[in-house]
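As structure tokens, the structure follows; a few thoughts come after it.
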Amino acid sequence: MKLQLTGPSNTKLNDTITITGSKSESNRSLLLSALYPNIKIENISNSDDAQVMAKGLEITEGTVDIHHAGTAMRFLTGYFASQAGKEVVLTGSKRMTERPIKILVDALKTLGAEISYIQDEGYPPIKIKGQQIVKDKVSLPANVSSQYISSLLLIAPSLENGLELELIGKITSVPYIKMTLALLEEIGVETSFEGNLIKVSAKEKVAPKTLVVESDWSSASYYYSICALATPGTQITLSAYKKESLQGDSVLANIYTSFGVETTYGNNNITLKKTDKKIESKNEFDLANAPDIAQTIAVTCFGLGVGCYLTGLHTLKIKETDRLEALHTELSKLGANITVTDKTLTIIPSVGILEDIAIDTYNDHRMAMAFAPLAMKTTLFVNDAEVVSKSYPDFWNDLKQLDFGIKEL
Numbered sequence: 014m015k016l017q018l019t020g021p022s023n024t025k026l027n028d029t030i031t032i033t034g035s036k037s038e039s040n041r042s043l044l045l046s047a048l049y050p051n052i053k054i055e056n057i058s059n060s061d062d063a064q065v066m067a068k069g070l071e072i073t074e075g076t077v078d079i080h081h082a083g084t085a086m087r088f089l090t091g092y093f094a095s096q097a098g099k100e101v102v103l104t105g106s107k108r109m110t111e112r113p114i115k116i117l118v119d120a121l122k123t124l125g126a127e128i129s130y131i132q133d134e135g136y137p138p139i140k141i142k143g144q145q146i147v148k149d150k151v152s153l154p155a156n157v158s159s160q161y162i163s164s165l166l167l168i169a170p171s172l173e174n175g176l177e178l179e180l181i182g183k184i185t186s187v188p189y190i191k192m193t194l195a196l197l198e199e200i201g202v203e204t205s206f207e208g209n210l211i212k213v214s215a216k217e218k219v220a221p222k223t224l225v226v227e228s229d230w231s232s233a234s235y236y237y238s239i240c241a242l243a244t245p246g247t248q249i250t251l252s253a254y255k256k257e258s259l260q261g262d263s264v265l266a267n268i269y270t271s272f273g274v275e276t277t278y279g280n281n282n283i284t285l286k287k288t289d290k291k292i293e294s295k296n297e298f299d300l301a302n303a304p305d306i307a308q309t310i311a312v313t314c315f316g317l318g319v320g321c322y323l324t325g326l327h328t329l330k331i332k333e334t335d336r337l338e339a340l341h342t343e344l345s346k347l348g349a350n351i352t353v354t355d356k357t358l359t360i361i362p363s364v365g366i367l368e369d370i371a372i373d374t375y376n377d378h379r380m381a382m383a384f385a386p387l388a389m390k391t392t393l394f395v396n397d398a399e400v401v402s403k404s405y406p407d408f409w410n411d412l413k414q415l416d417f418g419i420k421e422l
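For the sequence shown, the working numbering begins at 14 and goes up steadily by one.
Here it is, written out as structure tokens:
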């Protein structure tokens with residue numbers, strides 16, 4: 014599906030959007046509910062990823078195809094490895110077979126898991142024969158994707174002796190680790206995180222509990238971008254959000270003050286307001302703890318005609334696509350002066366945005382959504398726009414609510 018996007022006729026917006034539950038919280042909660050059926054979930058994400066995760070958890074043998082869902086691949090690897098009597102082949106899309114899984118597999122094997130590679134060493138598809146895991150000590154490099162770490166932590170309370178996980182080196186994506194531990198504590202599991210050592214106690218049973226999933230902050234990022242590119246006085250209210258969030262991407266509220274967007278916390282919602290604050294010509298952000306908002310910030314800076322230097326982006330190369338190279342290609346098409354390395358992105362301030370450019374999305378939901386706010390500044394096209402369903406199926410309809418012109422070609 015190819016879409017033509019134009020911005021609202023009135024660039025001073027005022028509306029309310031409801032966003033479904035966080036994909037990150039939903040996937041963690043689904044796994045915990047599979048381990049402990051007493052756990053119920055409310056406001057679960059309606060994303061493809063959450064649906065794939067839920068469906069995968071119901072399978073006891075045969076093939077589990079998680080398509081493009083990287084989180085599901087990592088989380089289900091840990092889950093099935095710890096489920097004695099279950100035997101599955103875990104596979105996904107062509108891109109998924111190019112995304113490394115070896116670090117997690119090696120850690121699980123150290124604990125006693127039985128996992129083998131079907132094609133290429135270190136990559137899906139993998140065959141998992143579930144075991145009763147009794148070993149309780151393992152280590153991982155600290156700078157790997159937090160999903161590897163969370164995969165181990167989520168199954169830890171269901172293991173006979175719990176788990177001690179040592180992280181070697183400088184830890185990245187700390188908020189996602191803390192999100193996992195906070196959810197474990199919410200269901201009554203004892204945890205500790207001191208220095209580079211994480212301990213999770215074993216817990217055979219938990220009391221009945223309902224986990225209410227907060228709305229997705231990375232989905233909110235696109236409205237921060239729209240607000241930043243809009244006229245001062247614009248207001249967009251988003252629900253359901255809370256000030257004390259478990260999600261690392263909630264750092265958006267601080268980052269976007271640099272672009273003149275103020276955040277006010279209400280009763281289960283946030284209101285974004287564009288001010289007339291002067292925007293600096295160069296902006297530096299370390300996104301090691303929130304890499305999923307890098308695309309949004311880069312596009313915002315380009316749309317505002319200001320520069321940025323983004324660091325901490327080393328995990329972006331193994332996402333749905335190589336997001337750094339994809340950003341370089343697509344922003345260059347629009348006229349940006351951009352350079353990337355394997356972990357940084359630099360944009361030099363420029364004037365003007367080329368019109369009628371078609372943005373390729375690379376099977377990556379965030380490429381489609383991060384570029385959409387540029388319709389505030391120019392007419393553009395988005396190829397394979399249906400990819401947004403991976404995390405935010407209602408995205409295009411919600412933009413229509415804000416009076417964006419969206420035409421299917």
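Every residue gets a Cβ at the ideal spot worked out from N, C-alpha and C, and that includes glycine.
Since the model is a prediction, treat every value here as computed from it, not as a measurement.
Got a sec? Which residues, its chain only, sit under 8 Å from residue i by beta carbon, not counting five neighbours each side?
{"i": "Glu134", "result": "Lys115"}
{"i": "Gly279", "result": "Thr250"}
{"i": "Leu45", "result": "Ile52, Leu167, Leu196, Leu197, Ile200, Leu224"}
{"i": "Ser258", "result": "Glu227, Trp230"}
{"i": "Leu300", "result": "Ile306, Ala307, Ile310, Leu323, Thr324, Gly325, Leu326"}
Which residues in the same chain have their Cβ closer than 7 Å to the Cβ of residue i, if we skip the five residues on either side of it in sequence?
{"i": "Leu275", "result": "The sequence given here has Glu at residue 275, not Leu. The residues are Lys286, Thr288."}
{"i": "Asn59", "result": "Thr33, Pro406"}
{"i": "Ile72", "result": "Val101"}
{"i": "Gly125", "result": "Gln144, Ile146, Val147, Lys148"}
{"i": "Asp262", "result": "Trp230, Ser231, Ser234, Ala303, Asp305, Ile306"}
{"i": "Ala339", "result": "Tyr375, Asp377, Met380"}
{"i": "Ala169", "result": "Gly175, Leu176, Val213"}
{"i": "Thr24", "result": "Ala243, Thr244, Met389"}
{"i": "Glu74", "result": "Lys99, Glu100, Val101"}
Which value, in whole angstroms, describes the spacing of the CA atoms of residue i and residue j?
{"i": "Asp355", "j": "Phe384", "result": "21 Å"}
{"i": "Asp78", "j": "Glu333", "result": "16 Å"}
{"i": "Ser159", "j": "Ile190", "result": "6 Å"}
{"i": "Val202", "j": "Val213", "result": "7 Å"}
{"i": "Ile208", "j": "Pro113", "result": "Correcting the residue identity first, residue 208 is Gly in this sequence and not Ile. Each residue's alpha carbon lies about 27 Å from the other."}
{"i": "Leu422", "j": "Ile141", "result": "43 Å"}
{"i": "Ile268", "j": "Phe298", "result": "8 Å"}
{"i": "Asn174", "j": "Asp62", "result": "31 Å"}
{"i": "Ala381", "j": "Val312", "result": "11 Å"}
{"i": "Gly316", "j": "Ile360", "result": "11 Å"}
{"i": "Ala243", "j": "Leu393", "result": "17 Å"}
{"i": "Lys150", "j": "Ser163", "result": "15 Å"}
{"i": "Gly98", "j": "Leu176", "result": "21 Å"}
{"i": "Leu43", "j": "Gln145", "result": "21 Å"}
{"i": "Pro362", "j": "Asn350", "result": "7 Å"}
{"i": "Thr374", "j": "Ala398", "result": "7 Å"}
{"i": "Lys291", "j": "Leu367", "result": "24 Å"}
{"i": "Leu172", "j": "Trp409", "result": "42 Å"}
{"i": "Pro386", "j": "Val364", "result": "17 Å"}
{"i": "Leu121", "j": "Lys218", "result": "23 Å"}
If I'm right that residue i touches residue j with Cβ under 8 Å, what's the distance once you round it to whole angstroms?
{"i": "Phe272", "j": "Ala241", "result": "4 Å"}
{"i": "Leu224", "j": "Ile331", "result": "With a Cβ gap of about 29 Å, Leu224 and Ile331 do not count as contacting."}
{"i": "Tyr136", "j": "Glu111", "result": "7 Å"}
{"i": "Leu26", "j": "Lys420", "result": "With 8 Å as the limit, Leu26 and Lys420 do not qualify as a contact, their Cβ atoms being about 20 Å apart."}
{"i": "Thr309", "j": "Ser238", "result": "5 Å"}
{"i": "Leu178", "j": "Ile211", "result": "5 Å"}
{"i": "Thr19", "j": "Ala388", "result": "6 Å"}
{"i": "Pro21", "j": "Phe417", "result": "6 Å"}
{"i": "Ser294", "j": "Gly325", "result": "Actually they are not in contact, since the Cβ atoms of Ser294 and Gly325 sit about 22 Å apart, beyond 8 Å."}
{"i": "Pro188", "j": "Gln260", "result": "7 Å"}
{"i": "Phe88", "j": "Met66", "result": "7 Å"}
{"i": "Asn56", "j": "Ala85", "result": "Actually they do not touch by this definition, with Cβ atoms about 19 Å apart."}
{"i": "Leu412", "j": "Asp28", "result": "That belief does not hold up - the Cβ atoms of Leu412 and Asp28 are roughly 11 Å apart, past 8 Å."}
{"i": "Lys403", "j": "His81", "result": "6 Å"}
Tell me, please, which residues DSSP counts as bridged to residue i.
{"i": "Tyr322", "result": "Glu297, Thr359"}
{"i": "Thr391", "result": "Per DSSP, none; premise fails for Thr391."}
{"i": "Leu251", "result": "Ile30, Ile283"}
{"i": "Thr328", "result": "The partner list for Thr328 (beta bridge, DSSP) is empty, contrary to what the question assumes."}
{"i": "Gly418", "result": "Thr19"}
{"i": "Tyr237", "result": "Note: Tyr237 sits in no beta bridge, so no partner."}
Quick one: what's got a C-beta closer than 6 Å to residue i's C-beta in the same chain, skipping five residues either side?
{"i": "Val264", "result": "Ala303"}
{"i": "Pro138", "result": "Val102, Thr104, Ile131"}
{"i": "Val118", "result": "Ile128"}
{"i": "Arg379", "result": "Gln308"}
{"i": "Pro221", "result": "Asn51"}
Is residue i close to chain D? Criterion is C-beta to C-beta, closer than 8 Å.
{"i": "Pro138", "result": "You won't find chain D in this structure, because it holds only one protein chain."}
* Asked: In the segment 146-190, which residue ranges form an unbroken alpha helix (DSSP H) of at least 4 residues, counting only runs that do not cross its ends?
  -> DSSP runs (the alpha helix (DSSP H)) wholly in the segment 146-190: 159-168.
* Asked: Which residue spans inside the segment 84-132 form an unbroken beta strand (DSSP E) run of at least 3?
  -> Complete beta strand (DSSP E) runs here, min 3: 100-104, 127-130.
* Complete alpha helix (DSSP H) runs within the segment 22-97 (minimum length 4 residues, chain order) -> Every alpha helix (DSSP H) stretch that sits fully inside the segment 22-97 and reaches 4 residues is listed by chain position as 36-48, 61-70, 83-94.
* **Completely contained alpha helix (DSSP H) runs for the segment 365-415, where each covers 4 or more residues** => With a minimum length of 4 residues, the continuous alpha helix (DSSP H) runs that stay inside the segment 365-415 are 378-384, 408-414.
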